[in-house]
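So the sequence lines, in the order shown, correspond to chains C, H and Z.
Residue numbers for the first sequence follow the numbering used here, beginning at 1 and rising by one.
Residue numbers for the second sequence follow the numbering used here, beginning at 1 and rising by one.
Residue numbers for the third sequence follow the numbering used here, beginning at 1 and rising by one.
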Amino acid sequence: MVFGKGLRTLALATAAALALAMGLIFFYAPIEADQGFVQKIFYLHVPLAIVALCGWVAGGIFAIQLLRTGDRKWDYRSYVAIHMSLIYGVAVLLTGSIWAKASWGHWWVWGEPTLVSFLIVFLLYCTYQPMRFSIADPEKQGRYAAVFAITAGAFVPLNFVAVRLATPLVHPRVFTRVAGDLPGSMRLTWLVSLVAIALLFVTLCKLELTSKSAKDHLRRLRRRLEARDESAAERAFVGAS
Amino acid sequence: MSSPPSSTHETPSNAVEVENLTRRYGDRVALDDVSFSVPTGQTLAVFGPNGAGKSTLLKVLATLLRPHEGVVRVLGSELPGEAWKVRGRVGYLGHEPALYRSLTARENLRFAARLHGVDDDRVEELLDAVGLTRRGNDRIDELSRGMRQRIAAARAVIHDPPLLLLDEPWSAIDPGAIGLLEPLLGRGTGRTRILVTHDVARGIAEADVVIGLLAGRVHVAGPASSAAAVEAEALFA
Amino acid sequence: MIRTAAILFRKDLLVEVRTLQSLTAMVLFSVMAFVLFHFGLDRDTIEGSLAAGVLWVTLLLATVLAVTRLFVAEREQGGFETLLLAPIDRTAVFVGKAAALFAFLVSVEIIALPAFDILLLQGTILDGMPELLAVVLLADVGLAVVGALVAALGAETDARELVVPLLLMPLLVPVVIAAAKASAPLLAEPAASVHLGRWLLMLTFYDLAFVLVSLGVFDYLLED
């Protein structure tokens, strides 16, 4: 399994995109009238959330591929996607919290259905690693993790719909601006930020995949070496008896 | 090389064919490059010390575990892809009698019968054959270990399978009852049998061919003879 | 496949009748929970959304109890191998288990709902019927289907008692949302039905979605 192809180009592109995004956020995007400077965290928070959710769903799709083909590279991809999304998820909840505190004075708001749904999905995926690693046999572990990833991936949209329906429309939405109705300068900044954060996600995933496959390769070589030593010793034993 | 399509009524010359079978357990190798075959109608005895992989081998053939590498053909069907074809035609008697403790002997057998599409009369027939008709309505946890083994044996043959996989079948049975299992599990039935046992003398007597496993690898293979018995004993040293 | 599922279902019921482990635990837990809520909330009667919340959270937790045991009982009893060796469609195992879990839930509710009525509603639950029944049954399907799937997922891990609740609870949030929203007006004074159709629809949709997902993935959980 070689995952490292094109890693350097990707990393460079990511760095460039991030620099551009930061520049736009701080110097180009206007300061929002009622929420002030802190509103700019929205340029991080929403893209982070979108990418995390896509990552989780992608984890489910990779898992389907694992079950269909049995090729372990899909297991790696699925695991890394979910794991990385979890890390992004922490960032989403943190930025969401800061935003809420700055705008509403509370660290958490139940009135924002997307944030609430995200929390539920996040809590679900927190169980992924403990569940996965409590299964000893690696092949079974991959299979069970795949079933989890598919179930959870299917759950993401269901959950969002459910929570959205449950949140009374009377309660004011915290994020009143969604990509659709943003003025030009904000929309550009938002899009660039989304691209940069997505690129960062892919780069980090690729990095983790490369490192994992190298470690795995090393372990397998080591095992083969040990097995060869073992069988040589055994043959000597059986021959002697 | 393409193999002929297997049908459920075909009788291949080898009931079981195993080539380079490898099965891992985590980082440890339970079965390493195991190859052998068993002609239809014959009995294979598998010897080896604890941990040699004998039970694992049986479980792979029973479709309870899938092969990690290698080719396994049971009754003409290749595992793991065609495992579903094999299941109705193999009788497996494992280390633990796989019975529901809180259900009665009769209920357990009826459950197995229904899963295999077999009539309830066969249940009565088998209960009679193992001498437990009167204890049929006792719960499994009320029966002695030997009786449980007899019920498990009955369950293993309830669907009249052409292949039997037996893991230490006589270990738990009271000596008086061993004879009861002969007509079910013995040579006379004409079934192909693979037998795992610690008792080398008994195994040699029952078998036509033997293999000996040590640490997952085949160290002894050949027809059942006194020479083979000596080699098999050496494995336990 | 359905016939096999029926055979497995009957076997599970038989084992449960003999041992009575899951049902007793679920019933006792539910009643105890109601008592605790009385003290925790310091109320003699509750109604509306509070009542709905207490009811559904309790039923959810009782489901967790049952789910943890669903496949474990199989292994404890010792007969699981019989299932694995039989020439059956393994989806039947899922259908059988989900059906058994559904039956357990209904059996528990037959005792728990009246208990809830007596202890915390002061006898007004019948006003919410038969709509409440529809909500309960549809929610039970969701609990049973997802419960069976998670039970199988947790069956192989050593950390079962942790993994099962942690998986089950987020996955069942939509069920709790829909069931509680639908029940709240039905448990209010006077009982009314508000947007009932919408919540029943959501439950149905959820049930269908997870039945499809489970049927698709379950096979992979039993092979070895």
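Quick reminder that beta carbons are idealized off the backbone N, C-alpha and C, glycines included.
In this text the structure is predicted, and so the values were computed from the model without any measurement.
To the nearest angstrom, how far is the alpha carbon of valine 146 of chain Z from that of leucine 201 of chain Z?
Rounded to whole angstroms, valine 146 of chain Z to leucine 201 of chain Z spans 18 Å at the Cα level.
Check the C-beta distance from leucine 126 of chain H over to arginine 135 of chain H and give it rounded, since I have them as a contact under 8 Å.
For leucine 126 of chain H against arginine 135 of chain H, the beta-carbon gap comes to about 13 Å, at or over 8 Å, which does not count as contact.
What is the DSSP secondary structure of proline 114 of chain Z, reduced to helix, strand or coil?
Looking at proline 114 of chain Z - three-state DSSP - the assignment turns out to be helix.
What did DSSP end up calling tyrosine 25 of chain H once you bin it into helix, strand or coil?
Here tyrosine 25 of chain H sits in strand by DSSP.
Less than 6 Å between C-beta atoms, sequence neighbours within five positions excluded: which residues of the same chain meet that for serine 117 of chain C?
In its chain, beyond the 5 residues on either side, Asn159, Phe160, Val163 have a beta carbon closer than 6 Å to the beta carbon of serine 117 of chain C.
Just curious, the alpha helix (DSSP H) that valine 146 of chain Z is in, first and last residue?
Its alpha helix (DSSP H) spans residues 131-155.
Checking contacts by CB at 9 Å: is alanine 152 of chain C closer than that to chain Z?
Yes, contact with chain Z.
If we call anything under 9 Å between Cβ atoms a contact, is lysine 11 of chain Z one with leucine 99 of chain H?
Not closer than 9 Å, so no.
Using DSSP with H/G/I as helix, E/B as strand and the rest coil, what is tyrosine 267 of chain H?
Because chain H in this structure spans residues 1 to 237, residue 267 of chain H falls outside the shown range and cannot be described.
Kindly say whether serine 193 of chain Z, judged by its beta-carbon, lies nearer than 9 Å to any beta-carbon of chain B.
Of the protein chains in the structure, C, H and Z, none is chain B.
If you draw a straight line from the alpha carbon of serine 103 of chain C to that of alanine 49 of chain C, how long is it in whole angstroms?
Whole-angstrom Cα-Cα distance: 19 Å.
Which residues in chain H sit within 8 Å of aspartate 137 of chain C, going by Cβ to Cβ distance?
Under the 8 Å cutoff, chain H gives Tyr25, Gly26.
Leucine 44 of chain H - DSSP class collapsed to helix/strand/coil
The answer is strand: DSSP assigns leucine 44 of chain H an E or B state.
Between the stretch 14-48 of chain C and chain Z, which residues of the former have a C-beta closer than 7 Å to a C-beta of the latter?
Going along the stretch 14-48 of chain C in chain order, one finds no residue with a Cβ nearer than 7 Å to chain Z.
Just to make sure I have the definition right: I need the residues of chain H whose C-beta is within less than 8 Å of the C-beta of arginine 223 of chain C. Which are they?
The contact set of arginine 223 of chain C on chain H, defined by CB atoms closer than 8 Å, consists of Asp27 in chain order.
For chain H, find out if any of its Cβ atoms is closer than 9 Å to the Cβ of isoleucine 213 of chain C; answer yes or no.
In the sequence as presented, isoleucine is not what sits at residue 213 of chain C; that position holds serine. Taking 9 Å as the threshold, the shortest C-beta distance from serine 213 of chain C to chain H does not fall below it.
Does DSSP classify aspartate 141 of chain H as helix, strand or coil?
Helix, per DSSP.
Count the other CB atoms, across all protein chains shown, that sit within 10 Å of the CB of glutamine 122 of chain Z; report buried if there are 16 or more and exposed otherwise.
If you draw a 10 Å sphere on the C-beta of glutamine 122 of chain Z, you find fewer than 16 other C-beta atoms in it, and that means exposed.
Could you tell me the distance, in whole angstroms, from the CA atom of leucine 188 of chain C to the CA atom of valine 109 of chain C?
Near 28 Å, if we compare the C-alpha coordinates of valine 109 of chain C and leucine 188 of chain C.
List the DSSP bridge partners of serine 77 of chain H.
BP columns for serine 77 of chain H point to H:Val74.
Taking any Cβ of chain Z, which residues in the stretch 52-71 of chain C have a Cβ under 7 Å from it, in chain order?
Taking 7 Å as the Cβ-Cβ cut-off against chain Z, the residues of the stretch 52-71 of chain C that qualify are Leu67.
Look up glycine 212 of chain H in the DSSP assignment and give the residues it is bridged to.
Glycine 212 of chain H is bridged to H:Phe47, H:Val220.
Report the residue ranges of all alpha helix (DSSP H) runs contained in full by the stretch 47-124 of chain Z; include only those spanning at least 4 residues, in chain order.
Correct list: 48-70, 72-77, 80-85, 91-116.
For threonine 210 of chain C: DSSP bridge partner residues
Paired residues: none, contrary to the question.
Can you name the residues of chain C whose CB is closer than 9 Å to the CB of aspartate 158 of chain Z?
Under the 9 Å cutoff, chain C gives Ser134, Ile135, Ala136.
Measuring from the CB of glutamate 74 of chain Z, is there a heavy atom of the ligand GDP at a distance below 8 Å?
The ligand GDP is not part of this structure, which contains no ligands at all.
Members of the stretch 69-89 of chain Z near chain C, C-beta cut-off 9 Å:
Close to chain C, meaning a Cβ-Cβ distance shorter than 9 Å, is no residue of the stretch 69-89 of chain Z at all.
For tryptophan 170 of chain H, I'd like the list of residues in its chain whose CB is within less than 8 Å of its CB, leaving aside the five on either flank, ordered along the chain.
Non-local beta-carbon contacts of tryptophan 170 of chain H in its own chain, meaning distances under 8 Å to residues more than five positions away in sequence, involve Ile178, Leu181, Thr197, Asp199, Arg202 in chain order.
Does the stretch 190-200 of chain Z touch the stretch 171-181 of chain Z, meaning 3 or more C-beta pairs lie closer than 8 Å?
The stretch 171-181 of chain Z is in contact with the stretch 190-200 of chain Z.
If we define contact as Cβ-Cβ less than 9 Å, is phenylalanine 210 of chain Z a contact residue for chain C?
Cβ-Cβ to chain C under 9 Å: yes for phenylalanine 210 of chain Z.
Could one say the Cβ of isoleucine 151 of chain H lies closer than 9 Å to chain Z's Cβ atoms, at least one of them?
By this cut-off, isoleucine 151 of chain H is not an interface position.
Closest Cβ-Cβ distance between threonine 91 of chain Z and chain C: below 9 Å?
Not an interface residue.
Where lysine 97 of chain Z meets chain H, residues with beta-carbon distance less than 8 Å
By Cβ distance, chain H contributes nothing, its closest Cβ being about 15 Å from lysine 97 of chain Z, past 8 Å.
C-alpha gap between alanine 11 of chain C and leucine 225 of chain C, whole angstroms
Their Cα atoms are separated by approximately 35 Å.
With DSSP as the reference, label proline 157 of chain C as helix, strand or coil.
Proline 157 of chain C: helix per DSSP, three-state reduction.
Would methionine 32 of chain Z count as contacting chain C if we go by Cβ distances under 9 Å?
For methionine 32 of chain Z, not one C-beta of chain C is nearer than 9 Å to its own C-beta.
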